[in-house]
Amino acid sequence: MVKIQIYPTDISYKLVKDRPVVLLYGKTTDGKRICVQDKNFEPYLMVVVKDPESAQKNIKNSNIMDDERKIPITKIEIVKRKYLNQDLRLLKVHTKNPKDISKIKSELREEYSVFEYDLKFTRRYLVDREIVPFVLTDVEGELLNKKSRVSVLDAQSIEQNSTEVLDNINVLAVDIETYNPRGKNVDAEKDPIVMVALYGKDFRKVIVTKKFQTDLDYIEFAEDEAELLTKLKDHINDFKPDCITGYYSDEFDLPYIETRASKNNVKLDIGLDYSPIIVRKGRRTSARMMGIVHLDIYQFIRKAFRTTLDTPRYSLGDVAKELIGAEKDEVDLGKLAKVYNESPEDLEIYCKYNLRDTELTFKLAHELMPNLIELIKAIGLTLYDVSRMGFSQLVEWYLIRRSKDFNELVPNRPSRDELKKRRNQTYKGAFVYKPSPGLYENIVISDFRSLYPSIITTHNISPDTLNCDCCEGKNKVPGLDYWFCENKKGFISTLISELITRRQRINEIIKDKKSKILFARQYAIKTIANAMYGYLGFYISRWYCLECAKSITSYGRYYIQMLIDDAKEQNFKILYGDTDSIFLALEDKTRQDAQKFIESVNHKLPEHMELESEGFYPRGIFVSAKMGSYGAKKKYALLSEKGDIKITGLETIRRNISPIAKRTQLRVLELILKDNDTKKALHYVKKVVDDLRKDKVDIKDLVIHTQLQKELSEYQSIGPHVAVARILKKKGFDVGPGTVIQYVISEDGDKIRDRAKPVEDCKNYDENYYINNQVIPAVDKIFEVIGYSKENLLASLDQKKLDKFF
DNA sequence: GCGCGCCGGGG
DNA sequence: GTGTACGGCGCGC
21 MVKIQIYPTD
31 ISYKLVKDRP
41 VVLLYGKTTD
51 GKRICVQDKN
61 FEPYLMVVVK
71 DPESAQKNIK
81 NSNIMDDERK
91 IPITKIEIVK
101 RKYLNQDLRL
111 LKVHTKNPKD
121 ISKIKSELRE
131 EYSVFEYDLK
141 FTRRYLVDRE
151 IVPFVLTDVE
161 GELLNKKSRV
171 SVLDAQSIEQ
181 NSTEVLDNIN
191 VLAVDIETYN
201 PRGKNVDAEK
211 DPIVMVALYG
221 KDFRKVIVTK
231 KFQTDLDYIE
241 FAEDEAELLT
251 KLKDHINDFK
261 PDCITGYYSD
271 EFDLPYIETR
281 ASKNNVKLDI
291 GLDYSPIIVR
301 KGRRTSARMM
311 GIVHLDIYQF
321 IRKAFRTTLD
331 TPRYSLGDVA
341 KELIGAEKDE
351 VDLGKLAKVY
361 NESPEDLEIY
371 CKYNLRDTEL
381 TFKLAHELMP
391 NLIELIKAIG
401 LTLYDVSRMG
411 FSQLVEWYLI
421 RRSKDFNELV
431 PNRPSRDELK
441 KRRNQTYKGA
451 FVYKPSPGLY
461 ENIVISDFRS
471 LYPSIITTHN
481 ISPDTLNCDC
491 CEGKNKVPGL
501 DYWFCENKKG
511 FISTLISELI
521 TRRQRINEII
531 KDKKSKILFA
541 RQYAIKTIAN
551 AMYGYLGFYI
561 SRWYCLECAK
571 SITSYGRYYI
581 QMLIDDAKEQ
591 NFKILYGDTD
601 SIFLALEDKT
611 RQDAQKFIES
621 VNHKLPEHME
631 LESEGFYPRG
641 IFVSAKMGSY
651 GAKKKYALLS
661 EKGDIKITGL
671 ETIRRNISPI
681 AKRTQLRVLE
691 LILKDNDTKK
701 ALHYVKKVVD
711 DLRKDKVDIK
721 DLVIHTQLQK
731 ELSEYQSIGP
741 HVAVARILKK
751 KGFDVGPGTV
761 IQYVISEDGD
771 KIRDRAKPVE
781 DCKNYDENYY
791 INNQVIPAVD
801 KIFEVIGYSK
811 ENLLASLDQK
821 KLDKFF
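Taking the working numbering, the leading residue of the first sequence gets 21, the next gets one more, and so forth.
So, in structure tokens, the structure goes:
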């Protein structure tokens with residue numbers, strides 16, 4: 021018997037004689053990779069029965085068949101569970117093979133209500149055994165002599181008695197470049213991999229299938245693609261990563277590598293049991309390897325981290341810039357195929373580019389690892405799973421894991437019919453107090469701290485406390501015919517209380533000493549707590565409860581309305597309010613008055629609710645309500661005390677707007693907010709307009725960028741960027757989907773698309789287009805707010821001397 | 001205003 | 001894989 025300690029990193033299972041063997045891959049305390057196998061966990065499902073004893077006999081004697089084979093029922097236990105507000109007696113029906121559960125479910129569903137039949141076996145294992153990946157685990161068992169890249173230990177017992185976490189996970193980033201003569205469309209069936217880069221701690225490597233002169237020591241040459249793949253495999257095996265990471269590697273790099281390996285008859289057996297990369301094709305493709313976690317960092321960023329990011333695009337370049345402040349190398353990938361064929365001596369920059377991408381990917385994985393680990397610790401699933409989950413799934417698995425502590429039965433996923441019904445339900449959302457357009461001074465912003473989570477706790481909102489018998493008709497939700505129990509705490513409201521308390525404690529500690537890990541921990545908790553409201557109203561949820569979701573927004577409207585009423589009563593001018601925040605203009609009041617007001621509201625709020633002071637802004641502008649079809653919501657710019665301008669909802673970031681229009685908008689906001697000088701702002705616009713008229717504007721300030729979305733031939737309507745792309749194509753440029761077309765609007769022609777020209781061809785730009793379609797629309801709504809209609813603005817721009825106008 | 005269909009990321 | 005299940009936006013009606 022051997023006693024060891026491991027940090028589990030991944031889990032899988034295999035079938036041996038129709039029985040599952042759970043494989044827990046991990047790392048020992050002395051840094052070796054290991055596989056621990058557990059044969060002692062049986063799949064099961066739950067059956068609701070009226071008379072457990074007779075049903076037990078009935079099910080035991082029933083013949084559930086899969087074709088000719090009788091599905092064995094190995095054990096039936098009688099258990100109790102809570103479900104909504106009932107106490108149920110259930111049968112826990114066990115079998116041997118996890119794959120038979122689905123069949124048993126179908127049979128038993130004819131007669132009984134069946135539950136917990138669709139929880140992935142390995143996830144069920146982690147939840148039931150209370151094993152949290154990455155946490156130190158005590159294992160006792162026998163070492164086996166098995167064909168495997170790592171030691172295999174057959175476990176007698178597996179237990180976690182510690183909270184210590186693996187902190188030196190060995191990550192290897194991978195990225196391929198492919199031969200691609202056609203531009204955007206990449207085809208793994210046709211086009212070979214020409215280079216692959218690897219990046220890990222103290223390790224960098226680029227393998228390329230063409231020889232050329234270079235001094236770079238990380239470049240390695242391969243005779244052909246088959247050799248490249250073999251070398252790739254050897255490097256991975258030598259490096260012994262716990263985790264392989266890539267950017268969009270679920271849907272690109274790993275499936276591509278796998279396809280090319282089979283085309284070349286290369287056995288890419290990098291799994292720790294010598295299995296190949298397993299590609300699962302579905303609505304979304306994913307890739308995994310036995311014993312090595314595949315982390316597609318793109319998935320995590322897009323699904324569970326996007327709310328933290330400002331960038332609307334999730335390309336490696338944009339994300340790396342925002343998160344780690346690093347940029348991609350700039351190369352023309354469209355020329356790679358040509359260079360590869362005709363001038364391989366120029367391949368070096370592509371190798372550098374390839375390595376740089378893996379470096380960025382590696383650093384992103386490193387940067388986000390604390391967040392991932394804290395989510396793993398909260399939710400209790402593997403890095404592989406957690407990094408691919410969206411908010412609703414994270415919440416759901418948090419609830420599934422915690423349901424064990426509360427003896428709650430896990431609700432089923434909705435049926436097809438149920439889904440349809442749920443999808444058609446809509447309900448009233450948050451309250452918005454529409455702003456009056458205008459320029460305002462001395463703005464105080466105040467918001468409720470974690471409004472929805474605090475409502476859930478305060479009002480005990482939970483599917484199992486809804487409309488209880490004991491509190492019938494008492495304490496109804498404002499405007500609704502629902503109530504929530506006042507006598508016993510609900511499952512979800514209890515969990516939210518716990519999360520809020522835990523987060524508060526962590527934040528108290530962070531106040532004194534900053535810690536990246538603690539910050540990630542409170543962030544993980546916040547993520548789960550904030551997602552709970554959305555989860556309750558999300559049609560796919562197991563714990564779906566429309567009444568709960570409606571009640572939460574109703575209480576939300578109630579509290580913000582109360583806040584607005586109180587502010588009015590105290591004679592504050594209310595500028596704007598949305599969901600959980602209000603903007604007040606101080607006018608003749610002081611900041612202390614506002615603070616006092618906030619305190620007075622806090623005084624009457626329930627215990628777990630709090631109104632906070634978000635900030636003070638010397639000046640701010642709210643733009644016209646008629647901007648687009650989306651209304652006036654969230655269109656404003658604020659000047660902070662430090663002098664920064666914070667823009668929300670104004671269209672400065674759109675790509676198909678010229679630099680001159682963008683810059684004019686920002687400068688106008690600065691002059692109005694910072695200098696409080698509308699005259700100067702108007703002068704500035706006049707100067708820009710005059711410069712445009714006098715041809716004094718640099719052409720690069722006029723360039724509009726638009727990305728082609730499809731093949732040129734597929735465009736039905738010919739926009740300016742498509743027209744320019746056609747010209748470029750005639751000139752022999754390689755344009756296809758993904759190419760960013762840069763163009764300038766010239767004077768020669770009628771329609772805009774005829775006037776659009778490639779930058780280098782444009783001699784005489786169309787001043788009227790830039791004035792009327794770019795600069796003026798970027799600022800007219802701002803001027804409207806301070807009393808200039810568009811006509812007014814245009815008229816004043818035509819005057820020789822503006823001063824007359826004032 | 002609504003429903004359908006496609007893109008996203010990657011080369 | 002104890003198999004499902006995206007979401008946002010643009011376009012056409």
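Ideal Cβ positions, reconstructed from N, Cα and C, are used throughout, including at glycine. Note that this is a predicted model, so its numbers are computed, not measured.
### Task
Could you please give me the residues that DSSP links to K454 through a beta bridge?
In the DSSP output, where bridge partners are listed per residue, K454 has none listed.
### Query
Who does V113 pair with in a DSSP beta bridge?
In the DSSP output, where bridge partners are listed per residue, V113 has L65, I96.
### Message
Let me check understanding here. Comparing Cα to Cα, which of D425, Y460, W563, K301 lies closest to Q413?
### Response
W563
### Query
Out of curiosity, what's the CA-to-CA distance linking K646 and I761?
The pLDDT assigned to K646 is 43, lower than 50, so where the model puts this residue is not dependable; a value taken from the coordinates is nonetheless given after this. Each residue's Cα considered, the two are about 31 Å apart.
### Task
Taking only the alpha-carbon atoms, compute the straight-line gap between V22 and G161 and give it to the nearest angstrom.
Just so you know, the alpha carbons of V22 and G161 end up roughly 5 Å apart.
### Message
For the region 535-553 against the region 507-521, do three or more pairs of beta-carbon atoms, one drawn from each stretch, fall closer than 8 Å, so that the two count as touching?
### Response
yes
### Query
For the region 333-340 against the region 212-231, are there 3 or more C-beta pairs whose distance is under 8 Å?
no
### Task
Give the range of the beta strand (DSSP E) segment to which H314 is assigned.
313-316
### Query
Helix, strand or coil for C263 per DSSP?
strand
### Query
At which residue ranges does the region 323-352 contain complete alpha helix (DSSP H) runs of 4 or more residues, listed in the order of the chain?
336-344
### Task
State the Cα-Cα distance for the pair R408 and E387, rounded to the nearest angstrom.
Taking the straight line joining both Cα atoms gives about 17 Å.
### Task
Alpha carbon to alpha carbon, how far is P431 from L419? Give it in angstroms, no decimals.
Answer to the nearest angstrom: the Cα atoms are 10 Å apart.
#### Entry: Cutoff 6 Å; reference N507; Cβ partners in own chain excluding five residues on either side
Around N507: C490.
### Query
Taking C-alpha atoms, which residue in T328, A307, L192, K231 lies nearest to L380?
L192
### Query
Excluding the five sequence neighbours on either side, which residues of its own chain have a C-beta within less than 7 Å of the C-beta of D211, listed in chain order?
T198, Y199, N200
### Own chain, CB closer than 8 Å to L395, minus 5 neighbours either side, in chain order
A324, V406, L414, A544, T547
### Message
What does the alpha-carbon distance come out to for the pair E278 and K383?
### Response
25 Å
### Message
Given this structure, state the Cα-to-Cα distance separating T115 from K59, to the nearest angstrom.
### Response
13 Å
### Message
Going by DSSP in three states, V805 sits in which element: helix, strand or coil?
### Response
helix
### Query
What does S32 pair with, by DSSP beta-bridge criteria?
L43
### Task
Within its chain, find whatever has a CB closer than 6 Å to the CB of I806; leave out the 5 residues flanking it on each side and keep chain order.
The residues are L459, T698.
#### Entry: Cβ distance (whole Å) where I96 is taken to contact L110 below 8 Å
Contact flag wrong, Cβ pair sits at about 10 Å.
### Query
Just reading off the beta strand (DSSP E) that G597 is part of, what are its end residues?
For G597, the enclosing beta strand (DSSP E) has its first and last residue at 593-598.
### Query
Among K707, L343, V172, which residue has its Cα nearest to the Cα of L163?
V172
### Query
For the candidate residues M582, L515, K37, T378, whose alpha-carbon lies nearest to that of F468?
M582
### Task
Please check the pair K609 and F592, which I expect to be a contact at CB under 8 Å, by giving their CB distance rounded to whole angstroms.
7 Å
### Query
Under a Cβ-count criterion, where at least 16 other Cβ atoms within 10 Å of its own Cβ denotes burial, should T668 be classed as buried or exposed?
exposed
### Query
Just the Cα atoms here: how many angstroms apart are K655 and K666?
11 Å
### Query
Three or more C-beta pairs closer than 8 Å, one from the region 151-161 and one from the region 224-242: is that the case here?
As far as the Cβ criterion goes, the region 151-161 does not touch the region 224-242, which means the pair count is below three.
### Message
Going by the DSSP bridge assignment, what does A798 pair with across the sheet?
### Response
A798 is not bridged to any residue.
### Task
Determine, using beta-carbon pairs with one atom in the region 307-323 and one in the region 265-276, whether at least three such pairs fall under 8 Å.
yes
### Task
Would you tell me roughly how many angstroms separate the C-alpha atoms of G400 and V152, rounded to the nearest one?
For the pair G400 and V152, the Cα-to-Cα distance works out to about 5 Å.
#### Entry: Range covered by the beta strand (DSSP E) that runs through F426
Looking at the DSSP string, F426 is not in any beta strand (DSSP E), and its letter there is neither H nor E.
#### Entry: Three-state secondary structure (DSSP) of G510
coil
### Query
Below 8 Å, can you find three or more Cβ-Cβ pairs linking the region 433-448 to the region 616-626?
no
### Task
Could you spell out the range, first to last residue, of the alpha helix (DSSP H) harbouring E241?
The question names Glu, but residue 241 in the sequence shown is Phe. Unbroken run through F241 is the beta strand (DSSP E), 239-241; no alpha helix (DSSP H).
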